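Just so you know, the sequences run in chain order A and B.
Per numbering that gives the first Met the number 0, the very first residue in the first sequence carries number 0; after that it's consecutive.
Per numbering that gives the first Met the number 0, the very first residue in the second sequence carries number 0; after that it's consecutive.
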Amino acid sequence: MLDFFRNLDRRWIFLLMGLSVAVPILLQWQFPETPSALSQAVFDEVEALNEGDRVLFAFDFDPGSEGELGPMATSWVRHCCEKKLKMYFMSLWPVGQQMITDNIKRVIEADFPHLVYGEDYVNLGYKAGNEGVIKVIISDLRQLYTTDAEGTATDNIPMMEGIDSIKKMDLLVNISAGYPGTKEWVQFAVTRYPDDIRMVAGCTGVQAPLLYPYIPEQLPGLLAAIKGAAEYEKLVMDKYGGENPDAKYFEGKRRMGPQLVAHMLMILLIIVGNIIFFVDRKRGKRS
Amino acid sequence: MNRENLIWVVLFVIGGAILLGRAMLSEHGMGKAYVKAVEKDRVRTSEPAVYPNEDEQDITWISADEAREQGIDVEALGDDDHKQWTIYDPATLTAYQAEMAVDPNQTTYQFSLSRSVGIWFAAFMTLFVLTFLIKDNPFYKVAESIFIGISAAYWMVVGFWSTVTPNLIGKLSPDLVRGWAMPGLSRDEPVELMYLIPLGLGAMLLWRLSPKGGWIARWPMAFIIGVFCGLRLITFLHADFLTQIRNGIVPLWVTDTAGAFDFWESLRNVFLIVGVLSCLVYFFFSFEHKGIVGKTAKLGIWFMMITFGAAFGYTVMGRIALLAIRLEFLFDDWLWLIDPTNKRVEAVVSMLGLF
Numbered sequence: 000m001l002d003f004f005r006n007l008d009r010r011w012i013f014l015l016m017g018l019s020v021a022v023p024i025l026l027q028w029q030f031p032e033t034p035s036a037l038s039q040a041v042f043d044e045v046e047a048l049n050e051g052d053r054v055l056f057a058f059d060f061d062p063g064s065e066g067e068l069g070p071m072a073t074s075w076v077r078h079c080c081e082k083k084l085k086m087y088f089m090s091l092w093p094v095g096q097q098m099i100t101d102n103i104k105r106v107i108e109a110d111f112p113h114l115v116y117g118e119d120y121v122n123l124g125y126k127a128g129n130e131g132v133i134k135v136i137i138s139d140l141r142q143l144y145t146t147d148a149e150g151t152a153t154d155n156i157p158m159m160e161g162i163d164s165i166k167k168m169d170l171l172v173n174i175s176a177g178y179p180g181t182k183e184w185v186q187f188a189v190t191r192y193p194d195d196i197r198m199v200a201g202c203t204g205v206q207a208p209l210l211y212p213y214i215p216e217q218l219p220g221l222l223a224a225i226k227g228a229a230e231y232e233k234l235v236m237d238k239y240g241g242e243n244p245d246a247k248y249f250e251g252k253r254r255m256g257p258q259l260v261a262h263m264l265m266i267l268l269i270i271v272g273n274i275i276f277f278v279d280r281k282r283g284k285r286s
Numbered sequence: 000m001n002r003e004n005l006i007w008v009v010l011f012v013i014g015g016a017i018l019l020g021r022a023m024l025s026e027h028g029m030g031k032a033y034v035k036a037v038e039k040d041r042v043r044t045s046e047p048a049v050y051p052n053e054d055e056q057d058i059t060w061i062s063a064d065e066a067r068e069q070g071i072d073v074e075a076l077g078d079d080d081h082k083q084w085t086i087y088d089p090a091t092l093t094a095y096q097a098e099m100a101v102d103p104n105q106t107t108y109q110f111s112l113s114r115s116v117g118i119w120f121a122a123f124m125t126l127f128v129l130t131f132l133i134k135d136n137p138f139y140k141v142a143e144s145i146f147i148g149i150s151a152a153y154w155m156v157v158g159f160w161s162t163v164t165p166n167l168i169g170k171l172s173p174d175l176v177r178g179w180a181m182p183g184l185s186r187d188e189p190v191e192l193m194y195l196i197p198l199g200l201g202a203m204l205l206w207r208l209s210p211k212g213g214w215i216a217r218w219p220m221a222f223i224i225g226v227f228c229g230l231r232l233i234t235f236l237h238a239d240f241l242t243q244i245r246n247g248i249v250p251l252w253v254t255d256t257a258g259a260f261d262f263w264e265s266l267r268n269v270f271l272i273v274g275v276l277s278c279l280v281y282f283f284f285s286f287e288h289k290g291i292v293g294k295t296a297k298l299g300i301w302f303m304m305i306t307f308g309a310a311f312g313y314t315v316m317g318r319i320a321l322l323a324i325r326l327e328f329l330f331d332d333w334l335w336l337i338d339p340t341n342k343r344v345e346a347v348v349s350m351l352g353l354f
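Here you go:
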């Protein structure tokens, strides 16, 4: 038996992992979520804003991480729409612009058609330059953003009136898949102007441990990976979902089903691997 | 043909047959995309201005309905002043079937061949990439090459239109950019000759591609490295070094607002201080790790191992989420085995009903 596990072809483990993710998706298994303190902190930050306050969304992710970050982006936009906040979208990632457009179509145009482009929300699009962009838009936003993503002069967009720096924003929401992302926003914006810029973020699982040291001083709230997204979804939909909420606002929760089964398999494999290791060590000592 | 290859051929043939059967023979099919045609009808006018800051003499485009309300004879306008076009938004099979039930000749909701081909292409690319789990193979290499090629081209095009055009050419020659690419660019945009410097540096950077004088590219490269070193050094010291030291100075005896002892918050702070100090001791190599120093360093190793374990757990969660969305795409958009967002209520969606 131990020899079987010791010499097991790794492709069987791939197959098992594939099945552990595929079966819950096919059977649509879902499990209840309990919001953590960090997700609650993110929710509270948005809740604390008043109607008409300005929120800057930095969508620093692309389709490669859409599975993890898309659900939290959708919930965040929905939450801000419900709170009647002014939304400014931008991206430091080239494909982030498509992620912005996708969320505008999925949430704002579909469920909040009364919101007017240029008055309630604006898409400033992508700018090359990574952290250099953050550095510039802190001091002079208009220098870099002469137009929005559609080519309309920012001078002619009503909600851009009086906005010459991101310090004018009441909250900064960053959704980050890597570099440039939350770390750069913390380093170049939040730490430098702690009294002017307040930020919450959502990130991939790989990044989360690197961002925890910033909590809570530099980063009051963080949605870590798909788990954070599912928790935030619950908070938003419990308060604003209504009686028959759209299934698109539960993507995070839906993707937590495969997570549970796959993690169970992973724990089982680690236990089996450790048993084999300790048995081998014991036998080696005896011999 | 060896046994392994034979197994793969059989699997491919069976899989292909099931796919063909489900796509061609079943009533509902699979992997089809639908769109909704949205007619756009715009009229060129000089007033009213769309935005309050805009010059009244500026040309703006308003919808034809709005123009009719203002008394403009839209039908009498020429092609230059009246533009009509159609855009196609994604639609669901449910919406398509509902419209067809009302009017079988309607053209608002349509089957989209190009988007359906896109779904099939994306599905096969996903499968090609996943074949790498078995072993390196030509299918994987094809998918990898296509991805790299498209990404490089996309980055270049997006960078040109979103940054070079408005932020470089638009600063040096606003009228040119307004007339050629961005009619919405403000008329008040001044010519800023200072931007000749980044233009020059950019041209020097491209010199690297020239067979001679490649060294010219070192000057702008040195500028970029210098600027970013300076920026990152200061911000790292500020955000990650000094601020983290400050964040580490916490009370070990925490009381709440009423003055009562807060056990859990105090315990948390004790763990924080012990963790930081023991990890620092582990990296302190001026003394041999023996006695109290050795034991503290060992505690530091435990703290680091727990941190690495948490990082590994998060990484696993991230990777599973990525696999989940690809499988969801295959099962939902391509194979139509599931319908979590109710896109195909009328269609037969059954995991077991392959045909």
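Backbone N, C-alpha and C fix where the C-beta goes; we use that ideal spot for every residue, glycine too.
On a predicted model such as this, the values are computed, not experimentally measured, just so you know.
Checklist entry - Taking just the CA atoms, how far does Val278/A sit from Ile270/A? => result 12 Å
Item to check | Pair within 9 Å by beta-carbon distance, Ile316/A and Gly204/A | outcome: The requested residue 316/A is not part of the displayed model; chain A covers only 0 to 286.
Next on the checklist: Would Ala94/B and Tyr33/B qualify as a contact pair, given that the criterion is a beta-carbon distance under 9 Å?
Outcome noted: yes
Item to check | Neighbour list for Leu143/A in chain B, Cβ cutoff strictly below 7 Å | outcome: Asn166
Checklist entry - Whose Cβ in chain A lies nearer than 7 Å to the Cβ of Ile319/B? => result Val20, Pro257, Gln258, Ala261
Item to check | Limits of the beta strand (DSSP E) - the one that Val42/B falls within | outcome: 32-44
Next on the checklist: On the CB-based measure, 16 or more other CB atoms within 10 Å of its CB, does His113/A come out buried or exposed?
Outcome noted: exposed
Checklist entry - Looking only at its own chain, which residues have a Cβ that is under 6 Å from the Cβ of Ala22/B, when we skip the five neighbours before and after it? => result Gly28, Met29
Checklist entry - Is any beta-carbon of chain B found at less than 9 Å from that of Ile174/A? => result no
Checklist entry - Taking buried to mean at least 16 other C-beta atoms within 10 Å of its own C-beta, is Pro189/B buried or exposed? => result exposed
Next on the checklist: Determine whether the beta carbon atoms of Tyr71/A and Ala207/A lie at a separation below 9 Å.
Outcome noted: The question names Tyr, but residue 71/A is Met in the sequence shown. Cβ distance not < 9 Å, so Met71/A and Ala207/A don't count as in contact.
Checklist entry - So which residues on chain A does Gly413/B lean against when the C-beta distance must stay under 9 Å? => result The requested residue 413/B is not part of the displayed model; chain B covers only 0 to 354.
Next on the checklist: Could you check whether the Cβ of Lys289/B sits closer than 8 Å to any heavy atom belonging to the ligand GDP?
Outcome noted: Of the ligands one can find in the structure shown there are none, so the ligand GDP has no counterpart to examine.
Item to check | DSSP-derived helix/strand/coil call for Trp60/B | outcome: strand
Next on the checklist: Let me confirm a value: Phe187/A is counted as buried when at least 16 other C-beta atoms fall within 10 Å, else exposed. Which label applies?
Outcome noted: buried
Next on the checklist: Assuming the contact rule is C-beta atoms closer than 8 Å, Arg77/A and Val199/A should be a hit. Round their C-beta distance to whole Å, please.
Outcome noted: Incorrect: roughly 15 Å between the Cβ atoms, too far for contact.
Next on the checklist: With a threshold of 7 Å on Cβ separation, who are the neighbours of Pro179/A within its own chain once the five nearest residues in sequence on each side are excluded?
Outcome noted: Asp59, Leu91, Asn129, Glu130
Checklist entry - Which whole runs of the alpha helix (DSSP H) in the segment 187-236 of chain A are 4 residues long or more, in chain order? => result 207-210
Checklist entry - Can at least three beta-carbon pairs, one atom from the segment 291-306 of chain B and one from the segment 276-283 of chain B, be found at a separation below 8 Å? => result yes
Next on the checklist: By alpha-carbon positions, which one of Val106/A, Glu46/A, Ile99/A, Glu50/A ends up nearest to Ser74/A?
Outcome noted: Val106/A
Item to check | Cβ-based contacts, 8 Å cut-off: residues of the segment 99-131 of chain A near chain B | outcome: Lys104, Gly117, Gly124, Tyr125, Lys126, Ala127, Gly128, Glu130, Gly131
Item to check | C-beta atoms of Leu184/B and Arg177/B nearer than 9 Å | outcome: yes
Checklist entry - How about Lys85/A: is its C-beta nearer than 9 Å to some C-beta of chain B? => result no
Item to check | Nearest to Glu230/A (by Cα), restricted to the options Ala47/A, Glu67/A, Gly150/A, Leu25/A | outcome: Glu67/A
Item to check | Three-way DSSP call (helix, strand, coil) for Phe311/B in this model | outcome: helix
Item to check | Best match in Asp72/B, Asp40/B, Asp78/B for proximity to Ala63/B [C-alpha to C-alpha] | outcome: Asp40/B
Checklist entry - Leu210/A and Leu221/A look like a contact to me (Cβ under 8 Å); what is the Cβ gap, rounded to whole Å? => result 6 Å
Checklist entry - Is the Cβ-Cβ distance between Met255/A and Gln29/A less than 9 Å? => result yes
Next on the checklist: Does the CB of Arg21/B have a neighbour CB from chain A at under 9 Å?
Outcome noted: no
Checklist entry - On the three-state DSSP scale, how would you describe Met155/B? => result helix
Next on the checklist: Is the beta carbon of Ala47/A closer than 9 Å to that of Pro93/A?
Outcome noted: no
Item to check | Simplified DSSP state of Met89/A, which is helix, strand or coil | outcome: strand
Checklist entry - Candidates Met16/A, His262/A, Asp52/A, Arg282/A: which alpha carbon is nearest Met338/A's? => result Not covered by the structure: residue 338/A. The range shown for chain A is 0 to 286.
Item to check | Beta-carbon gap between Trp60/B and Val42/B smaller than 9 Å | outcome: yes
Item to check | Beta-carbon contacts of Trp218/B that lie in its chain and below 8 Å, excluding the five residues immediately before and after | outcome: Leu200, Met203
Next on the checklist: If I measure Cβ to Cβ from Lys342/B and keep anything under 7 Å in the same chain, skipping five residues before and after, which residues do I get?
Outcome noted: Thr91, Leu92, Thr93
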